[in-house]
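Under my numbering, think of the first position of the sequence shown as 25, with each following residue one higher.
For reference, the structure is listed below as structure tokens.
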Amino acid sequence: MRTYSRTTLQDVGELAIEFRIWIISDERYSRLVFTGLHRHESIVVAHPAVRSRTIMVNPCSQALEISGSRLGYFAAPRGIVSAARKLQGYAAMIPSREAQQATLSHFQVGGRIERETYQRLFDARDIGLNILSNLRDVTPPRADGALFFYLDLNRLASALQDEGRVGVTDDVASWLLKQTNVACVGGGAFGDVNGLRLSFGAPPGASAIGLTRVVQALNSLRIK
Numbered sequence: 025m026r027t028y029s030r031t032t033l034q035d036v037g038e039l040a041i042e043f044r045i046w047i048i049s050d051e052r053y054s055r056l057v058f059t060g061l062h063r064h065e066s067i068v069v070a071h072p073a074v075r076s077r078t079i080m081v082n083p084c085s086q087a088l089e090i091s092g093s094r095l096g097y098f099a100a101p102r103g104i105v106s107a108a109r110k111l112q113g114y115a116a117m118i119p120s121r122e123a124q125q126a127t128l129s130h131f132q133v134g135g136r137i138e139r140e141t142y143q144r145l146f147d148a149r150d151i152g153l154n155i156l157s158n159l160r161d162v163t164p165p166r167a168d169g170a171l172f173f174y175l176d177l178n179r180l181a182s183a184l185q186d187e188g189r190v191g192v193t194d195d196v197a198s199w200l201l202k203q204t205n206v207a208c209v210g211g212g213a214f215g216d217v218n219g220l221r222l223s224f225g226a227p228p229g230a231s232a233i234g235l236t237r238v239v240q241a242l243n244s245l246r247i248k
């Protein structure tokens with residue numbers, strides 16, 4: 025996954041202002057930046073003029089590895105916050121007790137859990153990039169941030185489709201699951217028929233084994 029530059033964020037801000045578009049900025053991976061200055065920059069910092077039309081959502085779930093809990097907070101103009109409070113007041117669901125305790129502990133101990141998570145993912149990313157560098161017909165990913173490797177299978181998938189061996193990358197994901205017992209997400213989920221997303225959020229040992237299997241499987245499909 026890649027990070028946006030300040031220039032890109034400013035361009036997005038200009039478009040939002042010109043066409044009166046609201047921005048929902050998902051900050052869940054803001055603490056998981058692995059390249060450059062290892063620092064996330066929000067769009068409201070890069071382009072302060074969009075603050076009045078920006079909703080910033082900041083789940084704690086990814087940074088604390090409680091991704092199924094969907095617990096966090098958001099910041100927005102007063103009218104949006106007021107409307108959200110009314111909606112929440114009628115919601116018949118709350119975050120689990122465990123998720124609330126984990127998040128409370130995170131804030132009480134000054135971010136220790138978040139720092140430990142970052143270091144573990146940073147190490148897992150390095151190991152994964154080293155393994156994926158052995159791919160033959162697929163360009164190795166960058167993985168600037170978040171906890172995913174995103175592979176561009178354009179060259180490999182095109183050749184396989186011509187041969188009638190594999191269809192789009194959603195088919196590649198299904199094939200990899202059968203061949204390697206590794207679950208991937210085909211790019212079709214993101215509007216990209218040539219992409220394949222792999223997570224390095226699993227325990228480092230399991231992640232290394234899974235990525236090694238994926239590399240071996242994809243290399244077995246190498247272009248003739």
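From the three backbone atoms N, C-alpha and C, an ideal C-beta is built for every residue, glycine too.
Computed from a prediction, not measured in an experiment: that's the story for all the values here.
9 Å Cβ cutoff met for Ala-241 and Thr-204:
For Ala-241 and Thr-204, yes; Cβs fall inside 9 Å.
Could you pull the DSSP bridge partners for Tyr-97 from this structure?
Answer is Asn-82, bridged to Tyr-97.
Which residues bound the alpha helix (DSSP H) around Leu-175?
No alpha helix (DSSP H) holds Leu-175; the beta strand (DSSP E) holding it covers 172–176.
Give the list of continuous alpha helix (DSSP H) stretches no shorter than 4 residues that lie fully inside the stretch 182–245.
DSSP runs (the alpha helix (DSSP H)) wholly in the stretch 182–245: 193–204 and 228–244.
DSSP has Ser-330 in a bridge; who is on the other side?
No answer is possible for residue 330: the residues shown for the chain start at 25 and end at 248.
Would DSSP call Thr-141 helix, strand or coil?
Shown here, Thr-141 sits in a helix according to DSSP, grouped into three states.
Within the same chain, show all residues whose beta-carbon is closer than 7 Å to that of Arg-166, passing over the 5 residues directly before and after it, in chain order.
Answer for Arg-166: Arg-26, listed in chain order.
Boundaries (first-last residue) of the alpha helix (DSSP H) holding Leu-128
Segment 121–132, the alpha helix (DSSP H) holding Leu-128.
Gln-124 vs Leu-95 beta-carbon contact at 9 Å:
Contact: yes.
Using DSSP bridges, identify the partner residues of Gly-169.
Within the DSSP bridge table, the entry for Gly-169 names Val-57 as partners.
Is the beta carbon of Val-162 less than 9 Å from the beta carbon of Leu-200?
Their beta carbons are not under 9 Å apart, which means Val-162 does not touch Leu-200 by this criterion.
Give the secondary structure of Thr-27 by DSSP, where H, G and I count as helix, E and B as strand, and everything else as coil.
Here Thr-27 sits in coil by DSSP.
Express the C-alpha separation of Thr-32 and Leu-153 in angstroms, rounding to a whole number.
Distance from the CA atom of Leu-153 to the CA atom of Thr-32, rounded to whole angstroms, is 26 Å.
Counted within 10 angstroms of its Cβ, other Cβ atoms place Ala-126 as buried (16 or more) or exposed:
When all chains shown are included, Ala-126 counts as buried.
I need the straight-line Cα distance from Gly-212 to Leu-245, nearest angstrom please.
Computed Cα separation, rounded: 20 Å.
Does the separation of the CB atoms of Phe-43 and Gly-169 fall below 9 Å?
Between Phe-43 and Gly-169, the C-beta spacing is not below 9 Å.
Hey, Ile-47 and Val-69 are a contact pair by Cβ (cut 8 Å); roughly how many whole angstroms apart?
With 8 Å as the limit, Ile-47 and Val-69 do not qualify as a contact, their Cβ atoms being about 13 Å apart.
Val-68 lies in the alpha helix (DSSP H); which residues open and close that run?
DSSP places Val-68 inside the alpha helix (DSSP H), whose first and last residues are 67–70.
How long is the line joining the alpha carbons of Gln-112 and Arg-121, rounded to whole angstroms?
Taking the straight line joining both Cα atoms gives about 18 Å.
Whose C-beta lies closer than 7 Å to the C-beta of Thr-236 among residues of the same chain, with five residues either side of it excluded?
If we look at Thr-236 and ignore the five residues flanking it on each side, its Cβ neighbours are Ile-155.
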